[in-house]
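Here's the structure, in structure tokens; my notes come after.
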Amino acid sequence: MQALNDILFARLLLKHKSIVLPGIGTFTLSETPATSQRMGRDFQPPHTDVSFAEHEEQENRLGDILLRDSDFNITLESDAIEICNNYIVGIKFQLEKIGNYHFPGLGKLQVTESGQLQFTSEPDSFNHGLPAFTANVVTKQVAAAPVIKPKRKKRVRVWLILLILLIGGGVASWFFVPQVPENILPLWEKAISIFDKKEAVSDSTTTNLTDTTQNMVVPSDTMVQDSAAADTIIEEGPLTYFVIAGSFADKVEAENFCNNLKAKGYSGAVVVVSEADRRIRVAYQGFASRESALDFLNKTKLSENKNDIWLLHQN
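All residue numbers for the sequence shown refer to the numbering used here, where the first residue is 1417 and numbers rise by one.
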């Protein structure tokens, strides 16, 4: 015969919901089902509560429950009554001795000062292990799209375009216009003579340049000459120093300039052509010695009041 203890009593109470202990009172189990609100975001788990009353009902007495419960398998009423009495005697003994009896997991039954029985239920006697919770749906904040300011078109300054065109036209005219002003050519010839590593002539602005490429005077029969300037071309001879008055890119212009010098009184004016670099120059006069050429150069500078007159040495 199986004895009844507190654990089995709790199982019977959970199963039958109400049990009457003769001579003590009625224990009733109430259950609250689980609830959810806000589409499941607020959840309350199932809850149980045990209550006690000294009033004894005729139904659901412990002995009757033991007879019909399949877990105990008791067929004799005498056995059921004996098991029930043994359990109730143990409870009453504790109440008389210490004034209370503890049902593990259910609560505590105690005797008050007035001699009444009072039951204190434990919170959630049959805890299902599901705590209550509240969940909130966090919505993601969509950031506002940044405001993109339209870019302003940069204004093209008209004066800048005109300045570029003027500069470009000046550079193009320098390279593509064959006629160069007369007062610039002597300076250009001096610069070229420095890069050609020709010998310096004097301590002033006069320069004696030596042509290392064996410059030759072009014979008269190798050039087309007009009758007015035929006698101005220097043939090969002893004259090797020439006081240069100007340089020209065109032979006709050089001959005209030579005729003008003769008209001014420079009867020895000649057109000098270098065979090496094909440069055309007009000299006031040619000399056989360097000293006489320098003397004539200095006098001519004073008389003409020009500093761009220079000396050419041509073998």
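No residue lacks a Cβ here, since even glycine has one placed at the ideal position from N, Cα and C. These figures come from a predicted structure and were not determined experimentally.
Relative to residue 1438, the option among 1659, 1509, 1427 and 1473 whose CA is nearest is 1473. Note: residue 1692 is not bridge-paired with any residue in the DSSP secondary-structure output. Apart from the 5 residues on each side of it in sequence, residue 1471 sits with its Cβ closer than 8 Å to the Cβ of 1441 and 1442 in its chain, given in chain order. Here the alpha carbon of residue 1583 sits roughly 16 Å from the alpha carbon of residue 1573.
Setting aside the 5 residues that flank it on each side, residue 1444 is surrounded in the same chain by 1433, 1434, 1466, 1467, 1468 and 1469, each with a C-beta closer than 8 Å to its C-beta; the list follows chain order. Annotation: residue 1654 to residue 1703 spans about 8 Å, alpha carbon to alpha carbon. In its chain, beyond the 5 residues on either side, 1550 have a beta carbon closer than 6 Å to the beta carbon of residue 1458. In the displayed model, residue 1485 falls within coil according to three-state DSSP, outside both helix and strand. Within the same chain, 1517 and 1527 come within 6 Å of residue 1511 by CB-CB distance, once the 5 residues on both sides are set aside. Judged by DSSP secondary structure, residue 1430 falls within the alpha helix (DSSP H) whose first and last residues are 1422-1432.
In this structure, the straight-line span from the alpha carbon of residue 1705 to that of residue 1657 is close to 7 Å. Contact between the stretch 1661-1671 and the stretch 1682-1695 is established, with three or more Cβ pairs separated by less than 8 Å. Following the DSSP letters along the chain, one finds residue 1668 inside the alpha helix (DSSP H) bounded by residues 1667-1679.
Under DSSP, residue 1527 forms a beta bridge with 1533. By a beta-carbon distance limit of 8 Å, residue 1728 does not contact residue 1713. Their separation comes to about 10 Å.
Judged by DSSP secondary structure, residue 1469 falls within the beta strand (DSSP E) whose first and last residues are 1463-1469. The C-alpha of residue 1662 lies about 13 Å from the C-alpha of residue 1720. DSSP lists 1525 as the bridge partner or partners of residue 1517. Membership of residue 1708 in the alpha helix (DSSP H) is indicated by the continuous run 1706-1720. Annotation for residue 1447: the continuous beta strand (DSSP E) segment containing it runs 1441-1448.
Excluding sequence positions up to five before and after residue 1519, its CB lies within less than 6 Å of the CB of 1422, all in the same chain and listed in chain order. It is roughly 8 Å from the alpha-carbon of residue 1475 to the alpha-carbon of residue 1436.
Taking C-beta separations shorter than 8 Å and ignoring five residues to either side along the sequence, the partners of residue 1507 in its chain run 1437, 1440, 1517 and 1525, following chain order. A direct Cα-Cα distance of roughly 28 Å separates residue 1698 from residue 1588.
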